[in-house]
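Asker:
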Amino acid sequence: MILTAFRFGQVKRCAEMSRKLRFFKDQVNKAGLMSSSRTLLQPDIDLEDLEVHLAEHEHELIEMNSNSDKLRQSYNELLEFKIVLQKASGFLISSHGRAVSGEIELQDNGYSNDDYGDTASLLEQEMRPQPSNTSGLRFISGIICKSKALRFERMLFRATRGNMFFNQAPAGEQIMDPVSTEMIEKTVFVVFFSGEQARTKILKICEAFGANCYPVPEDISKHGQITREVTSRLTDLEATLDAGIRHRNKALTSIADHLAKWMDLVRREKAVYDTLNMLNFDVTKKCLVAEGWCPMIAKAQMQEVLHRATFDSNSQVGIIFHQMDAVEAPPTYFKTNTFTNPYQEIVDAYGVARYQEANPAVYTTVIFPFLFAMMFGDWGHGICLLLGALVLIARENKLSTQKLGSFMEMLFGGRYVILLMSLFSIYCGLIYNEFFSVPFHIFGPSAFRCRDTSCRDAYTTGLVKYRDPYPFGVDPSWRGSRSELAFLNSMKMKMSILFGVAHMNLGIILSYFNARFFGSSLDIRYQFVPQMIFLNSLFGYLSLLIIVKWCSGSQADLYHVMIYMFLSPTDELGENQLFWGQRPLQIVLLLLALIAVPWMLFPKPFILKKLHTERFQGRSYGILNSSELDLEVEPDSAREHHHEEFNFSEVFVHQMIHSIEFILGSVSNTASYLRLWALSLAHSELSTVFYEKVLLLAWGYDNLVIRLVGLTVFAFATAFILLMMESLSAFLHALRLHWVEFQNKFYHGDGYKFKPFSFASLTEDDD
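For the sequence shown, the numbering used here begins at 6 and goes up steadily by one.
Shown next as structure tokens:
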């Protein structure tokens, strides 16, 4: 218990030193001094000596701040008094012109600081009121915030029932308020009144409005003497303040040179003691026991480090490293590098992988950029992205040490993602044959020609094939023809479906590897198999029809084929038949899809119930692999939860929801991949609009200014709309396809990250 109290005491000491260091940092920042980033040659200091140094520096700084605040308040009050003397002289001269007779009220408590005793005593000697003048006119002078002047005057008028005369004049400059230390605009005022009762009311109102009152003599001849005294004291105070600031800055500079090292030392010591507080005593109360997680690849390294620590500390007791079984699920750790880390972060943003389940980041490194490129395919825009990525990679060492803004930090962190996205965009752009929406004959001459003079103005059939197909990508002759939109729409839509079905099949296959790794034969037989059958009986068959139609050049209507596969599966296909045996194949596939639905829904819950009953009645204890029941339990639950009463209705409802979600999701997810076609079409059409309606339109004028304006508008539209907004849109849609359509087929994402203790991971938030 003594050791525990000692550790907690050390944590409190470190927390107190952290507070002092934060105080020093605030003072250094307020003084406008920069903490030294260079490593000074200074002797190592232990925690006890540092604690003493910090206490001394804190006491010194607090005392200097207190003295500086008092001097600053005195200086500000004297400055206000000087301004009041200057502005009030005109009011008093005008009062003499009206032959105002009476007594001048001098307020003994007008000064808000006792440092003005000499000045106040002079004023009292010169302007002390006589008892015989109690019925004369009096005045109170002072200064108030400009924003309160109007309300202040109204309140005085109401309080005195109009029996006062209020004069005011702007101070002419911003003045630091002695109380709030803020630079504000102020107004000098003089209130003339008569009677002791009015004086009391006015003073209370001045106090309520935060007005500072100062005694001004009625005798104008004495103003000069008092002004000289105030000016002299202001000069002395200013010199004293400058000397104090220099001394304070010198002390703060010496602190700033060591501040970074001190903060790092205290941060490390506090982290060590926080970690020690997590340790437990053994049975003998003589040793500490630490339980934690360690990657298997680092086991030998940890044993070596612990033995070296025992030798360096001359410990009499050796450190015992023992591997033990844990009740809770282990954390997830994936070893990444600079290239793979951003892809792992994309996956972790959806959810951290469950321990030892398949990691989607392996496939994300290729599939995610390709999904982006299918929507952003233009090799001109891809080259622009590639240049940006190469600039970020070339300046990697320099930018990694700088503090970047949120947007630049995001771009720099994803520089390798942008690199692959740009490369795949160039590849897809070559397939689409689009360079800023302009086609090129890169791989040879076109395989088509037009019946009419111009493809765009064709009135007959349109394109006629007269040679072998274009070697790579879309034939450039399709651009500008009247069948361009129909052809490109059909091609990109079918490509989207093919890629989507392949992508979802990959996700289901990964669920098989997950189930095989965890030894869950139920998931393989009653989840993986019916899912593969259902998806490929419908949409796998559609993909087959697309490929056969492309290869055969058939004019079959695939919409009609798929619709009547459900409505009239036994009817003849007629001209929509693509191959021999298509009608019986459709009937078989439809029956398989119908069988797969109850196959997914019913067997697994009943088998789990049967196995659970046999297991806990003792008839066949070892028949069930524990992982098959564990899959139905939340991963963060303890092992004893596995022995709770089996809730068949809950398991059945869960399986029913999962089955319905997959069946409906197969349709909706396949339709969701059509966004690849939609965004690619939108990107292509926007590029065409900017090229034809901006650049070509401006180039049609024989005027250099118009051409430059058109070129500038085209460049800005390309940069901000196509390269920034369109790329962001394609990125988000690719993210959605990867998270929802792909990862929900196999990825649980309910784990938690492995966060080892490391001094390098400590931040200022840990102070």
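Note that the Cβ used here is the ideal one computed from N, Cα and C, for glycine as well.
Would alanine 213 and valine 193 be called neighbours here (beta carbons separated by less than 8 Å)?
Answerer: Contact: no.
Asker: Which residue or residues does DSSP assign as beta-bridge partners of lysine 191?
Answerer: Paired residues: Cys150.
Asker: Whose C-alpha, out of Lys35, Ala601, Thr345, Phe571, is nearest the C-alpha of threonine 258?
Answerer: Looking at the Cα atoms, Lys35 is the closest of the given residues.
Asker: Cα-Cα, which of Thr280, Met500, Phe453 is closest to aspartate 480?
Answerer: Residue Phe453 is the option with its Cα nearest to aspartate 480.
Asker: Measure the alpha-carbon distance for alanine 354 versus aspartate 330 and round it to whole angstroms.
Answerer: Spanning the two alpha carbons is a distance of roughly 30 Å.
Asker: Report the residue from Ile436, Val443, Pro476, Val469 whose alpha carbon sits nearest the alpha carbon of proline 450.
Answerer: Of Ile436, Val443, Pro476, Val469, the residue nearest in Cα terms is Pro476.
Asker: What residue range does the alpha helix (DSSP H) around isoleucine 436 cover?
Answerer: From DSSP, the alpha helix (DSSP H) with isoleucine 436 extends over 420-437.
Asker: Rounded to whole angstroms, what is the Cα-Cα separation between isoleucine 538 and alanine 601?
Answerer: For isoleucine 538 and alanine 601, the distance between alpha carbons rounds to 7 Å.
Asker: Could you check whether the stretch 673-681 touches the stretch 372-392, counting it as contact only if at least three pairs of C-beta atoms, one from each stretch, sit closer than 8 Å?
Answerer: Yes, the stretch 673-681 is in contact with the stretch 372-392.
Asker: Would you call glutamine 560 buried or exposed, if buried means 16 or more other Cβ atoms sit within 10 Å of its Cβ?
Answerer: Burial call: exposed.
Asker: For serine 1, collect the residues of the same chain with a Cβ closer than 7 Å to its Cβ; drop the 5 residues on either side in sequence, then sort them by chain order.
Answerer: Here the chain has residues from 6 to 772 only, and residue 1 is not among them.
Asker: Taking the runs of the beta strand (DSSP E) that are 3 residues or longer, which of them lie wholly in the stretch 667-725?
Answerer: Listed in chain order, nothing qualifies, since the stretch 667-725 has no complete beta strand (DSSP E) run of 3 or more residues.
Asker: Which same chain residues, not among the five before or five after lysine 92, have their C-beta less than 6 Å away from its C-beta?
Answerer: If we look at lysine 92 and ignore the five residues flanking it on each side, its Cβ neighbours are Ala174, Val193.
Asker: Taking all protein chains shown into account, do 16 or more other C-beta atoms lie within 10 angstroms of the C-beta of asparagine 217, making it buried, or fewer, making it exposed?
Answerer: Counting Cβ neighbours within 10 Å, asparagine 217 comes out buried, since at least 16 surround it.
Asker: Could you check where the beta strand (DSSP E) with methionine 181 kicks off and where it finishes?
Answerer: 170-181 is the extent of the beta strand (DSSP E) around methionine 181.
Asker: If you follow the alpha helix (DSSP H) that serine 557 is in, where does it begin and where does it stop?
Answerer: Start and end: 546-557.
Asker: Would you tell me roughly how many angstroms separate the C-alpha atoms of glutamate 439 and glutamate 580, rounded to the nearest one?
Answerer: Cα to Cα, the separation comes out at about 35 Å.
Asker: Return yes when the Cβ of aspartate 287 is within less than 8 Å of the Cβ of valine 294, no when it is not.
Answerer: Closer than 8 Å, so yes.
Asker: Beta carbon of glycine 478, beta carbon of serine 427: below 8 Å?
Answerer: Against a cut-off of 8 Å, the Cβ pair of serine 427 and glycine 478 comes out as no contact.
Asker: Of the choices Ser557, Pro444, Arg487, Met509, whose alpha-carbon is the least far from that of serine 673?
Answerer: For serine 673, the nearest C-alpha among the options comes from Met509.
Asker: Quick check on DSSP: helix, strand or coil for valine 322?
Answerer: DSSP places valine 322 in coil when its eight states are reduced to three.
Asker: Would threonine 165 be called buried (16 or more neighbouring beta carbons within 10 Å of its own) or exposed?
Answerer: With 16 or more Cβ atoms within 10 Å of its Cβ, threonine 165 is classed as buried.
Asker: Tell me where the alpha helix (DSSP H) around glycine 346 begins and ends.
Answerer: Rather than glycine, the amino acid found at residue 346 in this sequence is asparagine. Here the alpha helix (DSSP H) through asparagine 346 covers 346-355.
Asker: So, for phenylalanine 429: in the same chain, excluding its five sequence neighbours on each side, which residues have a beta-carbon less than 6 Å away from its beta-carbon?
Answerer: Answer for phenylalanine 429: Pro374, Phe375, Ala378, listed in chain order.
Asker: Cβ atoms of serine 732 and leucine 684: under 8 Å apart, would you say?
Answerer: For leucine 684 and serine 732, no; Cβs fall outside 8 Å.
Asker: State the Cα-Cα distance for the pair methionine 729 and arginine 253, rounded to the nearest angstrom.
Answerer: Cα to Cα, methionine 729 sits roughly 50 Å from arginine 253.
Asker: Alpha carbon to alpha carbon, how far is methionine 307 from asparagine 319? Give it in angstroms, no decimals.
Answerer: Answer to the nearest angstrom: the Cα atoms are 18 Å apart.
Asker: Runs of 4 residues minimum, wholly inside the stretch 342-412: which ones carry the alpha helix (DSSP H) assignment?
Answerer: If we require 4 residues or more, the alpha helix (DSSP H) runs fully inside the stretch 342-412 come out as 346-355, 366-381, 384-399, 401-404.
Asker: Let me make sure I understand the geometry here. Which of Thr693, Pro220, Leu76 has the alpha-carbon closest to that of threonine 240?
Answerer: The candidate whose alpha carbon is nearest that of threonine 240 is Leu76.
Asker: Do glycine 393 and isoleucine 351 count as a contact pair if the criterion is CB distance below 8 Å?
Answerer: Their beta carbons are not under 8 Å apart, which means isoleucine 351 does not touch glycine 393 by this criterion.
Asker: In whole angstroms, what separates the C-alpha of phenylalanine 607 from that of glutamate 746?
Answerer: Spanning the two alpha carbons is a distance of roughly 25 Å.
Asker: Please confirm if leucine 540 has its CB atom under 8 Å from at least one CB of chain D.
Answerer: This model lacks chain D altogether, as it is built from one protein chain only.
Asker: Let's see if you can read the secondary structure: which residues bound the alpha helix (DSSP H) around threonine 289?
Answerer: Segment: none, threonine 289 is in no alpha helix (DSSP H) and carries neither H nor E.
Asker: Tell me the rounded alpha-carbon separation between glycine 524 and alanine 598.
Answerer: Taking the straight line from one Cα to the other gives about 27 Å.
Asker: Looking at the structure shown, is phenylalanine 197 part of a helix, part of a strand, or coil, going by DSSP?
Answerer: It is a strand residue.
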